[in-house]
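Just so we're aligned, residue 6 is where the sequence shown starts under my numbering, counting upward by one.
Heads up, the beta-carbon is just placed ideally off N, CA and C, and yes, glycines get one too.
Structure, as structure tokens:
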Amino acid sequence: MTAVMTSVYRAPGRGARVLARIRGPVVAVAVPTVVLSALWRLFPSSGIVEDRLRDLASLLGLVLIVIAVILIRFGIGRPGHTAPIAPPSQGTWTAIRSPATRVPSHGTHEFAQTWAIDLVHTPDDRPSPAFGGIRRSMAPEEFPSFGMPVYAGGAGQVVAVRDDAPDHRSRNSWSLLPLFAIESLVRGILGARFVFGNVVVIHLDAGGYQVVAHLQRGSAVVAVGQSVAAGERIAACGNSGNSTEPHLHLQLQDDADVSRAVGLPLAFAGSPVPARGESVDWPAPA
6 MTAVMTSVYR APGRGARVLA RIRGPVVAVA VPTVVLSALW RLFPSSGIVE DRLRDLASLL
66 GLVLIVIAVI LIRFGIGRPG HTAPIAPPSQ GTWTAIRSPA TRVPSHGTHE FAQTWAIDLV
126 HTPDDRPSPA FGGIRRSMAP EEFPSFGMPV YAGGAGQVVA VRDDAPDHRS RNSWSLLPLF
186 AIESLVRGIL GARFVFGNVV VIHLDAGGYQ VVAHLQRGSA VVAVGQSVAA GERIAACGNS
246 GNSTEPHLHL QLQDDADVSR AVGLPLAFAG SPVPARGESV DWPAPA
């Protein structure tokens, strides 16, 4: 890990909050501006005035893209601290993105994903289909992660639940990667709801918010306002939102709304955070 964990929650600074609030709007404006300015150049020009307007639009798009990349990749303020949380599921899980390997773990600070972790269930008796090759899209039920229980990381109150996004087929092959790239771009422009899919957000008593995303449609067993205990089942692993295959996406943040939240360091009680490619075995909650 790249930060020292404490048992006391400390909110991020004002700079981090401002950056978190403006990332989404900048990205949402930058991408359409670049696309539209490029398309404009495909049509015949009516004269020097239109040529200058086209140049101005292209320059504006370029500036916005540069700002968006800086905000997404490098824009981060002072991080907060949170207490370690209970494991999010049971059995053997392997990290495919992890803050123990790099920060930001997903290559972006957008939507508070700075210290997020992605995990796939890898039981000995049922291998998970590996990424790569040229093959068809697979049903989510063909992956061992799909339907696995998801647990609350600590005592707290549920502040958000989404449970109606469909579980789509996989995008975990080279032949399907272009489709996933296009979907990712569109989902990112549309916002966090389309990126995260089905999600449960818990305001932890120890401080901060736990977010578990890409959950199975119709699997949530908690409701907004409900109190939960550490290790209590809240939903099941799915393949909703911006996801190549069924997996657990887990993150901690300082605000209930992922569109304006700042990510917080992640640690598990009783086990280390696995680096990319490493596995961890979690027992079922007592």
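Output the boundary residues of the alpha helix (DSSP H) element that contains residue i.
{"i": "Asp56", "result": "53 to 74"}
{"i": "Ile27", "result": "19 to 45"}
{"i": "Arg167", "result": "Here Arg167 belongs to no alpha helix (DSSP H); instead the beta strand (DSSP E) covers 161 to 167."}
For residue i, write down the residues that DSSP places opposite it in a beta bridge.
{"i": "Asp286", "result": "Thr97"}
{"i": "Arg140", "result": "For Arg140, which the question treats as bridged, DSSP gives no partner whatsoever."}
{"i": "Gln258", "result": "Tyr214, Gly268"}
{"i": "Leu253", "result": "Leu124"}
Starting from residue i and walking both ways along the beta strand (DSSP E), at which residues does that stretch end?
{"i": "Arg265", "result": "From DSSP, Arg265 is part of no beta strand (DSSP E); its letter is neither H nor E."}
{"i": "Val108", "result": "Note, Val108: premise wrong, no beta strand (DSSP E); not H, not E."}
{"i": "Leu209", "result": "204 to 209"}
{"i": "Ala218", "result": "214 to 218"}
{"i": "Arg238", "result": "238 to 241"}
{"i": "Asp123", "result": "122 to 126"}
Using a 10 Å radius around the Cβ and a threshold of 16 neighbouring Cβ atoms, would you call residue i buried or exposed?
{"i": "Phe201", "result": "buried"}
{"i": "Trp179", "result": "exposed"}
{"i": "Ile207", "result": "buried"}
{"i": "Asp56", "result": "exposed"}
{"i": "Val263", "result": "buried"}
{"i": "Pro128", "result": "exposed"}
{"i": "Asp260", "result": "buried"}
{"i": "Val31", "result": "buried"}
{"i": "Ala100", "result": "buried"}
{"i": "Gly268", "result": "buried"}
{"i": "Glu146", "result": "exposed"}
{"i": "Ile239", "result": "buried"}
{"i": "Phe151", "result": "buried"}
{"i": "Ala25", "result": "buried"}
{"i": "Ala218", "result": "buried"}
{"i": "Pro270", "result": "buried"}
{"i": "Val163", "result": "buried"}
Mapping DSSP to helix, strand and coil, what is residue i?
{"i": "Leu182", "result": "helix"}
{"i": "Gly230", "result": "coil"}
{"i": "Ala197", "result": "helix"}
{"i": "Pro279", "result": "coil"}
{"i": "Ala274", "result": "coil"}
{"i": "Pro154", "result": "strand"}
{"i": "Ser12", "result": "Note on Ser12: pLDDT 47, under 50, position unreliable in the model; the coordinate value appears next. Coil at Ser12, not helix or strand."}
{"i": "Thr7", "result": "For Thr7, the pLDDT reaches just 34, beneath the cut-off of 50, and the residue's location in the model is therefore unreliable, although a value from the coordinates is still provided. Residue state, collapsed to three classes: coil."}
{"i": "Ala235", "result": "coil"}
{"i": "Ser175", "result": "coil"}
{"i": "Ala224", "result": "One point to set straight first is that residue 224 is Ser, not Ala, in the sequence displayed. Note: Ser224 maps to coil in three-state DSSP."}
{"i": "Pro145", "result": "helix"}
{"i": "Ala117", "result": "helix"}
{"i": "Arg192", "result": "helix"}
{"i": "Phe48", "result": "coil"}
{"i": "Arg78", "result": "helix"}
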